[in-house]
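So the sequence shown is residues 1 to 523, counted in full-length UniProt numbering. Before any comments, here is the structure.
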Amino acid sequence: MAATAASISLSLHLRFRPPLPPPRNPPRHAPFSLLSPSLPAPCRLRVAPGRPSPSPWRPDVRARAGSTIGAPPALARPGGAVETDRLPSDVRDRAMEAVDHFGGRVTIGDVASRAGLQLAQAERALQALAADTEGFLEVSEDGEVLYVFPKDYRAKLAGKSFRMRVEPLVDKAKQVGAYLVRVSFGTALIASIVLVYTTIIAILSSSSSDEDSRGRRRRSYGSTVIIPTDMFWYLDADYYRRRRVENENGMNFIESVFSFVFGDGDPNDGLEEKRWKMIGQYISSNGGVVTAEELAPFLDVPPPSEESKDDESFVLPVLLRFQGHPEIDEQGNILYRFPSLQRTASSKSGRSREYVGTKWSAMFSGIEKYLEEKPWKFSKANASEKALVAGLGGLNLFGVIILGNLLKQMTVTPGGLISFAAQLYPLLQIYAGSFFAIPLFRWFLLRKTNNDIRKRNKAREQRAQELVSPDSSLRRKLLSARDMAERKVITPEEIVYTTEKDLLEQDYEVKEWERRFKELESE
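Rendered as structure tokens:
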């Protein structure tokens, strides 16, 4: 046990020690006197943060497995850099959520499975968080590395990271900007209607020279101008009444105009994150050994058939993400093992499932058995609002057509409002035409998209149903995977080394370390 720990410590040193020339009198504990590449050779760093700084400083092995982060005790990182700010926001937040879930003591596999991150992403996130929040490492007797964080690590990180303090303000500004865009598009419809019909009235009024001509012109255009104008003022008043009343989904009328034209965004936003979380947690809870049939309900797979029965190529992305590999059991079945997800620092992760078939189904009560995509909706606005929006859009399009005919018939150069409307007329045409062209295109597109979603959901549901009622061959395969499953919970009693303490404060004597290192070198 102790020899294993010594071997791990030595390998970390030999692998990551900076390429510096050997000193004349090497330190007695060379494997742990890791000099900082950013400081002169005489300067050494302490391991434990917050302890009184002796002279000279001692080495600091913190925040990452197998690497050294040297700095004077007053600095968190060389140059004062905040490592967490270099991470993508979603990776940082998902890693922190996983750390909170497991109580601040985690392995890389814990974070990868809980957050659905790649193992490399999880390791990089844990290293950055440990460096910025005074976290430390623990090494078990089997050589497993654990990351341990203080309870107030979020407060410490927020105090150092300017980016984390600014992000909530940026997100709020984005929400306000998105709302203003939605409202402005609806307001533009009302403004377009007002401008179009006001200009039509102005043209008709300015083109009359006497009372008789005005009467004739009124009779000539009465069927096309007066009636739409009366309709506009009626609908416009209804609009101002409706804009103060929100529907049950919290969408007012002006927002429903944008929703009618452009929709309400992707209902499956974050689907990939959800997918990998489900896969990671499923593998981890089953002891790190699963079959392709168990992963199929979470992936995009074809419906079960004789042709696709032996095709397990869809497992490859899962193997790459969580660094798994195939294994063959005694019966010749292909199983998939994920060693990094078999070790955990917390028993909170759950235990391996031991049953298949109907008992397996009962254990999944309240848990999603497969990944289900939501269909796209044309608009979240209710039926009355969509009818009103379509009516106002049609009124605007009708007015733009009439206005275009009147502008073509004018023989004198217009001025004032009429000139302004004439200059904007191309934009009015584009707005009025796209008001119906965009929704029509979306309607055809959504039909195809939702049809594909239904097919994928049905295929995943059928794959999940196979696990609920497996045939004899699949049942034996599932039982074999459960027999090969292994879940190792690393307890505090198994820790043989920690970077929280100085080396001299730990249980191993200096001569014992040197003797073991010599034994390792001689092997």
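Beta carbons are placed, not taken as given, at the ideal position from N, Cα and C, and that holds for glycine.
For methionine 410, count the other beta carbons within 10 Å of its own beta carbon; 16 or more makes it buried, fewer makes it exposed. Which is it?
When all chains shown are included, methionine 410 counts as exposed.
Please look up how many angstroms separate the CB atoms of tyrosine 147 and alanine 130, rounded, as I've assumed it's under 8 Å.
Rounded, the Cβ-Cβ distance is 6 Å, consistent with contact.
Please work out which residues of its chain come closer than 7 Å, Cβ to Cβ, to arginine 456, disregarding the five sequence neighbours upstream and downstream, and give them in chain order.
Shown here for arginine 456: same chain residues with a beta carbon closer than 7 Å to its own, the five before and five after excluded, namely Asp300 and Glu373 in chain order.
Secondary structure of threonine 498, DSSP reduced to three states
Three-state DSSP puts threonine 498 in a strand.
First through last residue of the beta strand (DSSP E) which encompasses leucine 146:
Segment 145 to 148, the beta strand (DSSP E) holding leucine 146.
Where residue 526 falls: helix, strand or coil (DSSP):
Outside the shown range of the chain, which is 1 to 523, sits residue 526, and nothing can be said about it.
Pairwise C-alpha distance: glutamate 368 and arginine 44:
Confidence at arginine 44 is low in this model, with a pLDDT of 37, below 50, so its placement is unreliable and no value can be given for it.
Check whether the Cβ atoms of leucine 428 and valine 400 sit closer than 7 Å, and answer yes or no.
Their beta carbons are under 7 Å apart, which means leucine 428 touches valine 400 by this criterion.
Rounded to whole angstroms, what is the Cα-Cα separation between alanine 464 and aspartate 269?
Roughly 23 Å separates the two Cα atoms.
What did DSSP end up calling serine 140 once you bin it into helix, strand or coil?
Under the three-state reduction of DSSP output, serine 140 falls in the strand class.
Could you pull out every residue in the same chain whose Cβ sits closer than 7 Å to the Cβ of aspartate 329, ignoring the five residues on either side in sequence?
Closer than 7 Å at the Cβ level, and outside the excluded window around aspartate 329, lie Leu335, Ser480 and Met484.
Which same chain residues end up closer than 7 Å to phenylalanine 232 when comparing Cβ atoms and leaving out the 5 residues on each side of it in sequence?
Reliability fails at phenylalanine 232, whose pLDDT of 36 lies under 50, so the model's placement of it is uncertain and the value that follows must be treated cautiously. Same-chain partners within the cutoff: Ile193, Tyr197 and Leu395.
Mind checking proline 375: buried by the 16 CB within 10 Å criterion, or exposed?
Its Cβ having fewer than 16 others within 10 Å, proline 375 is exposed.
Report, in whole angstroms, the separation of the C-beta atoms of serine 259 and alanine 381, which I expect to be a contact under 8 Å.
Yes, they are in contact, since the Cβ atoms of serine 259 and alanine 381 sit about 5 Å apart, within 8 Å.
Test item: CB-CB of threonine 499 and leucine 137 under 7 Å
Result yes, Cβ atoms of threonine 499 and leucine 137 sit closer than 7 Å.
How is leucine 335 classed by DSSP in three states: helix, strand or coil?
The three-state secondary structure of leucine 335, taken from DSSP, is strand.
Reference glycine 116, options Arg343, Glu272, Thr491 and Gln342, closest by Cα
Comparing alpha-carbon positions, the option among Arg343, Glu272, Thr491 and Gln342 lying closest to glycine 116 turns out to be Glu272.
Nearest by alpha-carbon distance to glutamine 342: which of Asn333, Gly324 and Pro426 is it?
Answer by Cα proximity: Gly324.
What is the rounded straight-line gap between the Cα of glutamate 521 and the Cα of isoleucine 495?
C-alpha separation (whole angstroms): 23 Å.
Beta-carbon proximity of phenylalanine 102 to serine 346, cut-off 7 Å:
Yes. Within cutoff.
DSSP on lysine 488, reduced to helix/strand/coil?
DSSP, read as helix, strand or coil, puts lysine 488 in strand.
Using 10 angstroms around the beta-carbon of glycine 263, count the other beta-carbons present and answer buried if the total reaches 16, otherwise exposed.
The residue is buried, with at least 16 neighbouring Cβ atoms inside 10 Å.
Reduced DSSP category for threonine 411 - H, G, I as helix; E, B as strand; rest coil
In the structure shown, the three-state DSSP call for threonine 411 is coil.
Through-space distance from glycine 109 to glutamate 294, alpha-carbon basis:
Rounded to the nearest whole angstrom, the CA to CA distance from glutamate 294 to glycine 109 is 19 Å.
Nearest-angstrom Cα separation, counted from glutamine 462 out to proline 304:
Rounded to whole angstroms, the gap between the alpha carbons of proline 304 and glutamine 462 is 7 Å.
Can the beta-carbon of arginine 114 be found closer than 7 Å to that of alanine 98?
Yes, the pair counts as a contact, with Cβ atoms nearer than the cut-off.
Indicate the three-state DSSP secondary structure (helix, strand or coil) for proline 439 in the structure shown.
DSSP places proline 439 within a helical segment (H, G or I) once states are collapsed to three.
State the Cα-Cα distance for the pair serine 434 and leucine 388, rounded to the nearest angstrom.
Roughly 17 Å between the two C-alpha positions.
Among Pro302, Pro492 and Ile203, nearest to phenylalanine 420 - alpha-carbon criterion
With distances taken between Cα atoms, phenylalanine 420 lies closest to Ile203.
Going by beta-carbon coordinates alone, are valine 290 and isoleucine 283 separated by less than 7 Å?
For valine 290 and isoleucine 283, yes; Cβs fall inside 7 Å.
May I ask which residues mark the beginning and end of the alpha helix (DSSP H) holding proline 317?
Where proline 317 is concerned, the enclosing alpha helix (DSSP H) stretches over 316 to 322.
CB-CB under 6 Å to phenylalanine 338, same chain, minus the five flanking residues each way: which ones, in chain order?
The residues Ile283, Gly288, Phe322 and Gly324, in chain order, have a CB closer than 6 Å to that of phenylalanine 338 in the same chain once the five nearest residues on each side in sequence are set aside.
Please list, in chain order, all residues of the same chain as glutamine 118 whose beta carbon is under 6 Å from its beta carbon, the five residues on each side excluded.
Excluding sequence neighbours, glutamine 118 sits near Arg321.
Between which two residues does the beta strand (DSSP E) harbouring proline 303 extend?
That residue, proline 303, is in no beta strand (DSSP E); it is neither H nor E in DSSP.
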